[in-house]
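What follows is one structure encoded as structure tokens, with my remarks underneath.
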Amino acid sequence: MSEIAKDLHTEHMVINMGPSHPVTHGTVKFLVTLDGETIEDLKVEIGYLHRGFEKMCESGTWYQVFPYTDRLNYVSPLINNVGYALAVEKLIGIDVPERCKYVRVIACELSRIADHMTNVAAGGLELGAFTAFLYFVEARELVWDLIEMLCGARVTTNYVRIGGLKNDLPDGFKQKTLEVFKRCRVLWSDVNKLLTKNRVFIDRVRDVGTMPAEEAIAYGFTGPCLRACGVPYDVRKANPYLVYDRMDFEVPIGETGDNFDKYLVRMEEINQSMRIVEQALEQLPGGPINVDMPYYRWQSKDDIYNRIDSLIFHFKTVIEGIKPPPGEVYLAVESGNGELGFYLVSDGSGKPYKCRVRPPCFPLTAAMPRMMKGRLIADIVPTFDMINMIGGECDR
152 MSEIAKDLHT EHMVINMGPS HPVTHGTVKF LVTLDGETIE DLKVEIGYLH
202 RGFEKMCESG TWYQVFPYTD RLNYVSPLIN NVGYALAVEK LIGIDVPERC
252 KYVRVIACEL SRIADHMTNV AAGGLELGAF TAFLYFVEAR ELVWDLIEML
302 CGARVTTNYV RIGGLKNDLP DGFKQKTLEV FKRCRVLWSD VNKLLTKNRV
352 FIDRVRDVGT MPAEEAIAYG FTGPCLRACG VPYDVRKANP YLVYDRMDFE
402 VPIGETGDNF DKYLVRMEEI NQSMRIVEQA LEQLPGGPIN VDMPYYRWQS
452 KDDIYNRIDS LIFHFKTVIE GIKPPPGEVY LAVESGNGEL GFYLVSDGSG
502 KPYKCRVRPP CFPLTAAMPR MMKGRLIADI VPTFDMINMI GGECDR
């Protein structure tokens, strides 16, 4: 160091990035310590939503939790619905009909496809790939058309019920799904050509946000971010639920855990999810979609309007809430971001005594300082994009 440099007064610059920043979704703040453009330190503050999901769940009946689960990861709400319903059913000891299991798998995989398409589209957009964004948003809208056809809503679905589903698949759903997937595969190919070998995109994401497999496991990584590190953990394979053990699909993995691997894993998972939906539609059995347990499953409108016993059951389940036996359970499903777990405690009343959600993106966000130290400030955007932090489920 020269004598002049020694005499200069220099210090690190500390800046706030977010929460009023397009990339941080209004729910996260990064306190970044910079040496020029190099990140010397980074602290993450996630407490800018203040919604209190878990306490809201504990103040309503077991059924009233469903609209709240929609607003966890609001990009793939059907998976949240299914995860919560499976946890309550495990607490009660309910096994839903076979057709219901298949329809739930279809709903979950459609949600996963939409989630990954949104993530890749937004990640490309924030690095300047506006065309790729348009292609995958078109594909996502087509998938949302299927979800709207299924349950009447595109985002906040409220489709699943304890012991079953709101309604069965509509007429023509299989044919419409095959048509949509045909178009989605064309758009997937377009995005793949635009990004996967694009020199600018590769330079912005390769070897950025890397994470060794051992550290990823220690942080609690799951989902595409863990699989990008080379760890083939997928709840659908490790602890199969519904009918995933009957589905033929692969679990894509990466090598370095960098942002490019996370992108590639999600791209391939879109293909695998379409495979699962097509298999489920092909194997779909007949039969009911709801259990015949009026103490737990809401009665159909036809029965409520025409049978006094159904009207009484409906009145009691709506006013008092269903009453699972006292106990506690934990059940996890594979969401778009990884292991989404519900820990429920029942005291035998009509309201959950405790409802705790294990959000997959909470440990991913906690690892941002580890992935960012020594990198450039411009690397925050693609790294934050590729962990796919969703404020609704990360909120504490």
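Numbering of the sequence shown is given in our numbering, commencing with residue 152 and proceeding in unit increments. Ideal placement from N, C-alpha and C gives every residue a C-beta, glycine not left out.
Task: Distance between T307 and G499 (C-alpha atoms, nearest Å) - done: 29 Å
Task: Beta-carbon proximity check, V359 vs R526, cutoff 8 Å - done: Contact: yes.
- [ ] Assign F287 to one of three DSSP states: helix, strand, or coil.
- [x] Judged by DSSP in its simplified three-state form, F287 adopts helix.
Task: Which listed residue (S227, F284, G315, A283) has its alpha carbon closest to that of D443 - done: Across the set S227, F284, G315, A283, the C-alpha of G315 shows the shortest separation from the C-alpha of D443.
Open item on the list: I'd like to know whether the C-beta atoms of G489 and N224 end up nearer to each other than 8 Å.
Closed with: no
TODO: Name the two residues that bound the continuous alpha helix (DSSP H) containing F411.
DONE: 410-434
Open item on the list: By the DSSP assignment, the alpha helix (DSSP H) with D341 in it spans what residues?
Closed with: 324-346
Task: For Y447 and I473, believed in contact at Cβ under 8 Å, the rounded distance - done: 5 Å
TODO: Tell me whether L159 is buried or exposed, calling it buried when 16 or more other Cβ atoms sit within 10 Å of its Cβ.
DONE: exposed
Task: Residues sharing a beta bridge with K388, DSSP - done: Paired residue(s): none; K388 is not in a bridge.
- [ ] Select from Y253, D186, G303 the residue whose C-alpha is nearest the C-alpha of I166.
- [x] D186
Open item on the list: Mapping the DSSP letters down to three states, classify L495 as helix, strand or coil.
Closed with: strand
- [ ] Would you give the residue range spanned by the beta strand (DSSP E) that C380 belongs to?
- [x] Careful: C380 lies outside any beta strand (DSSP E) and carries neither H nor E.
TODO: Mind checking who Y481 pairs with in its DSSP beta bridge?
DONE: The partner list for Y481 (beta bridge, DSSP) reads Y494.
- [ ] Measure the beta-carbon distance from G381 to E406 and round it to whole angstroms, keeping in mind my assumption that it falls under 8 Å.
- [x] Confirmed, Cβ separation roughly 6 Å.
Open item on the list: According to DSSP, F181 sits in a beta bridge with which residue or residues?
Closed with: M168, V195
Task: alpha helix (DSSP H) runs contained entirely in the region 209-282, provided each spans 4 or more residues - done: 217-221, 228-243, 249-276
TODO: Quick one: give me the first and last residue of the beta strand (DSSP E) that V508 is part of.
DONE: 505-509
TODO: Using three-state DSSP, classify V311 as helix, strand or coil.
DONE: strand
Open item on the list: I'd like to check one pair, E485 with D385: are the Cβ atoms closer than 8 Å?
Closed with: yes
- [ ] Note down, in chain order, each residue of its chain lying with its Cβ closer than 8 Å to the Cβ of K502, except the 5 sequence neighbours on either side.
- [x] E209, S210, G211, T212, W213, G472, listed in sequence order.
TODO: Could you tell me whether the Cβ atoms of F181 and L200 are closer together than 8 Å?
DONE: no
Open item on the list: For G169, count the other beta carbons within 10 Å of its own beta carbon; 16 or more makes it buried, fewer makes it exposed. Which is it?
Closed with: Around the Cβ of G169, a 10 Å sphere holds 16 or more other Cβ atoms; the residue is buried.
- [ ] Output the distance between the C-alpha atoms of V226 and V508, rounded to the nearest integer angstrom.
- [x] 17 Å
Task: DSSP three-state assignment for L293, whether helix, strand or coil - done: DSSP places L293 in helix when its eight states are reduced to three.
TODO: Between the Cα of C251 and those of S497, Q434, V496, spot the shortest distance and give me the residue it belongs to.
DONE: Q434
TODO: Have a look at D454 and G437 and give me their C-alpha separation to the nearest angstrom.
DONE: 21 Å
- [ ] Answer yes if the region 250-266 comes into contact with the region 422-433, meaning at least three C-beta pairs across the two stretches below 8 Å, and no otherwise.
- [x] yes
- [ ] Compare the beta carbon distance of V311 and A236 with 8 Å and say whether it is the shorter of the two.
- [x] yes
Task: Where I190 sits in the DSSP three-state scheme - done: strand
Task: Secondary structure of L393, DSSP reduced to three states - done: Three-state result, L393: coil.
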